[in-house]
Amino acid sequence: MLEEKAPLGTLENRYPALFELRRAIWPHYEWAAAGARYRQGIAGFLEHVVLFDFQRFIQVIHEATGNAVALVERQSTEGDCSPLDDRLLSRADTVIVVSLDHQVTKQAVHADEVAAVRRFLMRSGTALIVCPHHDVGAAQEQSAREVEFLHHGDRLVPSQQRLGGVARSLLAELGFPVENRYGLTPAAAPDGGPAPLDVATHLDTPGFLVGVETFNLHAHLPHLWVPPALEGRVRVLARQLIHPSAPPHPFVERGHDRFNAMLWMPPDALRAGHLLVCDATIWSSAFGGLTSLNRFWQNLARMPAS
4 MLEEKAPLGT
14 LENRYPALFE
24 LRRAIWPHYE
34 WAAAGARYRQ
44 GIAGFLEHVV
54 LFDFQRFIQV
64 IHEATGNAVA
74 LVERQSTEGD
84 CSPLDDRLLS
94 RADTVIVVSL
104 DHQVTKQAVH
114 ADEVAAVRRF
124 LMRSGTALIV
134 CPHHDVGAAQ
144 EQSAREVEFL
154 HHGDRLVPSQ
164 QRLGGVARSL
174 LAELGFPVEN
184 RYGLTPAAAP
194 DGGPAPLDVA
204 THLDTPGFLV
214 GVETFNLHAH
224 LPHLWVPPAL
234 EGRVRVLARQ
244 LIHPSAPPHP
254 FVERGHDRFN
264 AMLWMPPDAL
274 RAGHLLVCDA
284 TIWSSAFGGL
294 TSLNRFWQNL
304 ARMPAS
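Just so you know, we're using this note's numbering here: the sequence shown kicks off at 4 and counts up by one.
This is the structure in C-alpha cells:
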C-alpha cells in the first residue's frame, strides 16, 4: 500500500516504523525485534500491529457464521488496486471499509466503485460499514497542533495525521458527507476499562448495539461530524464520553463532553441495505472493551442475510 512508501524523515502524515514503535514503548513488542520475519519499517508496523490486531474480530465472525472473512487491501505497495467491484461485493452481505489511508495520499473511490456499492446496497439484508480513524492537526498553526497533541498524549502520533480519505470520498458519493474530526481521548471507567457508551436505544431498531455497553479506549478517536442538512437522515446511535481529566481540546472548550461514535443511515426508497459509520479501531482487540466489542461483532454476524 502507498503508506509503506512514506519517507521516514518526514514526521507528519505517516505511520511509525515497527522499530519506532518498539523504541517508544520498550520493552513491549520485543518479540518482533529480531529475524527476517519481522520487517522493521512501516510495512512491518502495518502487518504485525495493525492487521494483527484485527485477528480476534476475524475469528469471532468465523466462529459465529462458519464463513471465512476476506481481508482485501485496496491499494498494494506495487500500486495495484483491488477495487470495490461486483466480483467482491456479490460474495458478501456485510462489507467493512477500513479507511486508514492518510489524506495526503489522495486516495478516493472511483465512479465504478460507487456504482458497485450502490448495487450492493440495493440487496435486502446487506450492510456497508465505513470506518475512518482520527483527523489530528487539521489546523496549520503549530500552537493549535500542540494543543491537540497534549490532549491525546500519544508520542507515536505526529503533529498532523489526517486519516480516512477513502471513507470521506465514499460517504460523500453516497450522499452522506460525514467527516471524521479530531483525535479525542475517551473516558475510562473506575475499573480502568472504557466508560459506558451513551446509546440511543430508541433509535437502534435493528439492534446493532443490543448488549453493547462500551467500545474501546484508543487514545485518539474521531468525532463523526454530521452536516446539519443530514440530521434527519442520519441517526447517532452511540456517543462516547471524553476523558474529563485530559488536557484541553478545542472541541471540549466549545461545550462538548462526548463525541459521535456510531452513525446509522437506515434503508430508504433507494437503498435496501444498512449504512453505518464508526471508527476503524472498533475491529481491533488492542484497546480494551473486548466483552462488549465481541457482543457487537456477534450482533453483526447474526443479521439476517439477503
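Even for Gly, the Cβ is constructed at its ideal location relative to N, Cα and C.
- Going by C-alpha positions, Gln-106 is about 15 Å away from Val-160.
- The shortest CA-to-CA distance from Arg-59 to any of Met-306, Pro-307 and Thr-284 is the one to Thr-284.
- Ranked by Cα distance from Leu-153, the options Glu-216, Leu-187 and Ala-130 are led by Leu-187.
- In this chain, the alpha helix (DSSP H) harbouring Val-255 covers 253-256.
- In the structure shown, the three-state DSSP call for His-226 is strand.
- Remark: C-beta atoms of His-277 and Ala-130 approach each other more closely than 8 Å.
- Sequence-distant Cβ neighbours of Arg-165 in its own chain, meaning closer than 6 Å and more than five residues away, are Gln-106 and Asp-138.
- For Ile-99, there is no enclosing alpha helix (DSSP H); the enclosing beta strand (DSSP E) covers residues 97-101.
- Straight across, the Cα-Cα distance linking Glu-23 with Ile-45 is about 9 Å.
- Under DSSP, Gln-145 shares a beta bridge with no residue.
- Taking the CA atoms as reference points, Arg-126 sits about 6 Å from Ala-275.
- Look at Leu-273 here: in three-state DSSP terms it is coil, with no helix or strand label.
- The DSSP-derived three-state label of Asp-207 is coil.
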